Amino acid sequence: MQMWRMPPACALVAEPQARRMRHEMPKFGLLLFAVLLSTVARATEWKVTRARDRDYVSFENLAEFYRFTEYSHANRTISLRCPQRAIRAQSDMSELSINGVRFFTNFPLLENSAGALISAFDVGKLIEPVLRPSRIVNAEPVKTIILDPGHGGTDNGTANQWGSEKTYALEVALIARDKLRAAGFTVEMTRDKDSGISLEDRVAFANRFSDAVFVSIHFNSGSGGTGVESYALAPKGAPSNAGGSGEHHATETGGVADEGNAQDCQNIALTAAVHAAVLSQAGVYDRGVRHARFKVLRHLHIPGLLLEAGFLNDPVEGRRIATPQYRQQLGLAIAQGVQSYNTAVNYRSPTPGATATFAVVRNVLPAHARSITEPLGAPSPSAQRAPEEPSLSINGGE
5 MQMWRMPPAC ALVAEPQARR MRHEMPKFGL LLFAVLLSTV ARATEWKVTR
55 ARDRDYVSFE NLAEFYRFTE YSHANRTISL RCPQRAIRAQ SDMSELSING
105 VRFFTNFPLL ENSAGALISA FDVGKLIEPV LRPSRIVNAE PVKTIILDPG
155 HGGTDNGTAN QWGSEKTYAL EVALIARDKL RAAGFTVEMT RDKDSGISLE
205 DRVAFANRFS DAVFVSIHFN SGSGGTGVES YALAPKGAPS NAGGSGEHHA
255 TETGGVADEG NAQDCQNIAL TAAVHAAVLS QAGVYDRGVR HARFKVLRHL
305 HIPGLLLEAG FLNDPVEGRR IATPQYRQQL GLAIAQGVQS YNTAVNYRSP
355 TPGATATFAV VRNVLPAHAR SITEPLGAPS PSAQRAPEEP SLSINGGE
């Protein structure tokens with residue numbers, strides 16, 4: 005078992021102190037001091053290893069970079085913890101938990117002589133935007149929300165003895181619309197009545213708006229399935245890890261070379277925020293945040309997600325979805341998740357009310373020679389980035 009605790013930030017020697025100490029130390033002390041400084045400097049660099057023809061980094065390295073104060077690895081179980089955030093994972097799986105929310109990784113977690121490993125792709129496309137959404141490049145303040153109630157018209161979607169997906173999705177969307185408008189957002193809907201609209205027209209409608217996000221609302225069906233799952237568009241080069249609901253809205257392209265929509269980090273942060281809010285407010289089973297190439301996501305120009313808000317064919321969950329109280333919870337949770345995303349990506353400094361649904365990272369993360377969102381093997385830039393404000397971490401609303 006490996007376990008360590010990171011020394012507090014105050015243990016790192018400040019530069020003015022370092023200059024004074026160099027004058028006062030004997031030669032042996034100077035040599036030891038130089039080694040220590042070199043060790044500290046290297047501690048936050050990425051140590052890349054190749055596995056299955058892909059770049060991987062160790063979870064221990066991940067813990068160093070994000071300043072988790074506790075790291076353990078035993079019996080293929082990995083745990084990273086600090087007061088503000090936590091990651092838990094299992095080697096040889098394709099999922100992990102971030103702040104208690106389930107995420108499916110784009111590539112499997114591995115274990116070899118280098119330790120427990122996560123792909124560099126998943127660090128850049130999943131870990132980084134979820135832990136530090138305020139550092140997402142080009143994430144704009146949200147002014148407009150496009151709500152997309154699934155199905156409609158002659159397309160009922162799935163159904164049970166109490167009602168249909170098209171009806172429930174519209175009711176949830178209308179509740180979310182009213183809540184978001186009361187919060188000052190502009191809300192547009194792909195449909196606000198029982199009318200049919202093609203997937204292509206839904207996407208074309210959403211792309212008319214800038215400074216916007218897109219939320220497609222659906223309900224699930226499947227043998228033995230329960231719970232809520234949420235989907236962001238699969239990034240270029242990544243496979244889909246759709247839950248296999250089999251609904252026709254889930255039709256995808258066959259390969260993994262789809263270009264995506266250049267919003268990978270915004271997509272996963274938005275999806276995580278809404279998914280976490282639904283888990284927190286509705287108290288449902290967590291089927292995870294996943295990636296897929298659904299038609300309604302594939303050609304969006306704005307950040308978007310598709311929410312599967314429960315299984316209509318499950319006798320217990322289907323009955324619960326049929327209650328107005330549950331649909332009210334879902335609508336309010338969607339509105340909360342969008343607002344949480346907007347707060348997180350635009351966070352700059354603590355302000356009253358800014359931390360209502362997010363835990364502020366109290367320790368400013370150290371400067372690094374290269375950004376995690378750059379290729380991990382890229383040369384270090386000549387100029388160091390200036391220290392940034394603490395970032396926020398998407399969680400379930402505590």
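The numbering of the sequence shown is this note's numbering, which starts it at 5 and goes up by one. Just so you know, even glycine gets a beta-carbon here, dropped at the ideal spot from N, CA and C. These figures come from a predicted structure and were not determined experimentally.
Contact set for V92: own chain, Cβ-Cβ below 6 Å, skip 5 residues either direction: Within the sequence shown, the letter at position 88 stands for residue 92. With the sequence shown as reference, residue 92 is identified as Arg, and Val is not the correct amino acid for it. Closer than 6 Å at Cβ, skipping near neighbours: S83, S101.
Use the C-beta contact count for Q165: other C-beta atoms within 10 angstroms, 16 or more gives buried, fewer gives exposed. Within the sequence shown, numbered from 1, the residue matching residue 165 stands at position 161. By the 10 Å Cβ count, Q165 comes out exposed.
Using the C-alpha atoms, what's the distance from T81 back to L114? As a working mapping, residue 114 is identified with position 110 in the sequence shown. As a working mapping, residue 81 is identified with position 77 in the sequence shown. Straight-line spacing of the CA atoms in L114 and T81 works out to 11 Å.
Tell me whether K51 counts as near the ligand SAM, meaning its Cβ is closer than 7 Å to at least one heavy atom of that ligand. You won't find the ligand SAM in this model; it holds no ligand whatsoever.
Limits of the unbroken alpha helix (DSSP H) element including E330: Working through the sequence shown from its first residue, we reach residue 330 at position 326. It should be pointed out that residue 330 corresponds to Tyr in this sequence rather than to Glu. For Y330, the enclosing alpha helix (DSSP H) begins and ends at 328 to 349.
According to the neighbour-count rule (16 or more other Cβ atoms, all chains shown, within 10 Å of its Cβ), is Q329 buried or exposed? Numbered from its first residue, the sequence shown carries residue 329 at position 325. By the 10 Å Cβ count, Q329 comes out exposed.
Compare the beta carbon distance of F213 and T275 with 8 Å and say whether it is the shorter of the two. The residue labelled residue 213 in the question sits at position 209 within the sequence shown. The residue labelled residue 275 in the question sits at position 271 within the sequence shown. Not closer than 8 Å, so no.
What's the call for C14, buried or exposed, on a 16-neighbour Cβ count within 10 Å? For the purposes of this step, residue 14 is identified with residue 10 of the sequence shown, where counting begins at 1. Low local confidence applies: a pLDDT of 26 at C14 is under 50, so the model's placement there is unreliable, and no value is given.
Limits of the beta strand (DSSP E) - the one that S101 falls within: On the sequence shown, position 97 is the one that residue 101 refers to. Taken as a continuous stretch (DSSP letters only), the beta strand (DSSP E) holding S101 covers 99 to 102.
Going by alpha carbons, who is nearest to P243 out of S234, A296, N79, E175? Translated into the one-based positions of the sequence shown, residue 243 becomes position 239. Among S234, A296, N79, E175, the Cα nearest to that of P243 is on A296.
State the start and end residues of the unbroken alpha helix (DSSP H) segment that holds F63. Translated into positions along the sequence shown, residue 63 becomes position 59. Note, F63: alpha helix (DSSP H), 63 to 69.
State the DSSP-derived secondary structure class of A238, mapped to helix, strand or coil. Position 234 of the sequence shown, counted from the start, is the residue given in the question as residue 238. It is coil, neither helix nor strand.
Are the segment 115 to 132 and the segment 56 to 65 touching by the rule of at least three beta carbon pairs closer than 8 Å? yes
Measuring alpha carbon to alpha carbon, tell me which residue in N116, R323, V105 is nearest A90. Position 86 of the sequence shown, counted from the first residue, corresponds to residue 90. Residue nearest to A90 within the set N116, R323, V105 is V105 (criterion: CA-CA distance).
With a cut-off of 8 Å on the beta carbons, I'd call A280 and A348 a contact; round off their distance for me. Residue mapping note: residue 280 aligns to position 276 of the sequence shown, counting from 1. Residue mapping note: residue 348 aligns to position 344 of the sequence shown, counting from 1. Wrong, their Cβ atoms sit about 11 Å apart, outside the cutoff.
Quick check: what's the CA-CA separation for E49 versus L66? Residue 49 sits at position 45 when you count from the first residue of the sequence shown. Residue 66 sits at position 62 when you count from the first residue of the sequence shown. Cα atoms of E49 and L66: separation of roughly 10 Å, rounded to the nearest angstrom.
Are the CB atoms of N350 and H305 within a distance shorter than 8 Å? By 1-based counting over the sequence shown, the position of residue 305 is 301. By 1-based counting over the sequence shown, the position of residue 350 is 346. Result no, Cβ atoms of H305 and N350 do not sit closer than 8 Å.
Please name the residue or residues paired with P153 in a DSSP beta bridge. To locate residue 153, count along the sequence shown from 1; it is residue 149. The partner list for P153 (beta bridge, DSSP) reads I221.
Would the beta-carbon of L316 fall within 8 Å of that of F223? Within the sequence shown, residue 316 is the residue found at index 312, counting from 1. Within the sequence shown, residue 223 is the residue found at index 219, counting from 1. Yes, they are a contact pair.
In three-state DSSP terms, what is S76? Indexing the sequence shown from 1 puts residue 76 at position 72. S76 falls in the strand class under three-state DSSP.
Can you name, in chain order, every residue of its own chain whose Cβ lies under 8 Å from the Cβ of R54, other than the five neighbours on each side? Reading the sequence shown from its first residue, position 50 is the one you call residue 54. The answer, listed in chain order, is Y60.
Among E74, F108, G154, which one has its Cα closest to the Cα of R294? Position 290 of the sequence shown, counted from the start, is the residue given in the question as residue 294. Checked all of E74, F108, G154; the closest Cα to R294 is F108.
Taking the continuous beta strand (DSSP E) assigned at R295, which residues delimit it? Position 291 of the sequence shown, counted from the start, is the residue given in the question as residue 295. Sequence inspection shows His at residue 295; the Arg mentioned does not correspond to that position. That run of the beta strand (DSSP E) goes 290 to 296.
Looking only at DSSP bridge pairs, what is T81 linked to? To locate residue 81, count along the sequence shown from 1; it is residue 77. The partner list for T81 (beta bridge, DSSP) reads A78, Q94.
Cβ pair count under 8 Å reaching 3, the segment 167 to 181 against the segment 327 to 343: yes
Report yes if the C-beta distance between T162 and S95 is below 8 Å; otherwise report no. For this step, residue 162 is matched to residue 158 along the sequence shown. For this step, residue 95 is matched to residue 91 along the sequence shown. At the C-beta level, T162 and S95 stay beyond 8 Å of one another.
Buried or exposed, going by whether 16 or more other CB atoms sit within 10 Å of the CB of S199? Taking the first residue of the sequence shown as position 1, residue 199 is located at position 195. The residue in question, S199, is exposed, as its Cβ has fewer than 16 Cβ neighbours within 10 Å.
Determine the DSSP secondary structure at F189, reduced to helix, strand or coil. The count along the sequence shown starts at 1 and reaches residue 189 at position 185. F189 falls in the coil class under three-state DSSP.
Which same chain residues end up closer than 8 Å to V232 when comparing Cβ atoms and leaving out the 5 residues on each side of it in sequence? Within the sequence shown, numbered from 1, the residue matching residue 232 stands at position 228. The beta carbon of V232 lies closer than 8 Å to those of H279, V282, L283, A286, V288, Y289, D290, R291, L311, E312, A313, G314 in the same chain, with the five residues before and after it left out.
My understanding is that V191 touches R331, with C-beta atoms under 8 Å, so please give their C-beta distance in whole angstroms. By 1-based counting over the sequence shown, the position of residue 191 is 187. By 1-based counting over the sequence shown, the position of residue 331 is 327. Wrong, their Cβ atoms sit about 17 Å apart, outside the cutoff.
Taking the alpha carbon of R195 as the reference point, which residue from F72, A186, V207, C269 has its own alpha carbon closest? Locating residue 195 in the sequence shown gives position 191, where the first residue counts as 1. Minimum Cα distance to R195 is reached at V207.
Status (buried if at least 16 other CB within 10 Å, exposed otherwise) for G403: Here the chain has residues from 5 to 402 only, and residue 403 is not among them.
Outcome for D318 when other beta-carbon atoms lying within 10 angstroms are tallied against a minimum of 16: Here residue 318 corresponds to residue number 314 of the sequence shown, with the count starting at 1. Buried, because 16 or more other Cβ atoms sit within 10 Å of the Cβ of D318.
State the start and end residues of the unbroken beta strand (DSSP E) segment that holds R324. Numbered from its first residue, the sequence shown carries residue 324 at position 320. Careful: R324 lies outside any beta strand (DSSP E), inside the alpha helix (DSSP H) at 319 to 325.
To which residues does DSSP link A163 through a beta bridge? Stepping through the sequence shown from its first residue, residue 163 is reached at position 159. Here A163 is bridged, per DSSP, to S168.
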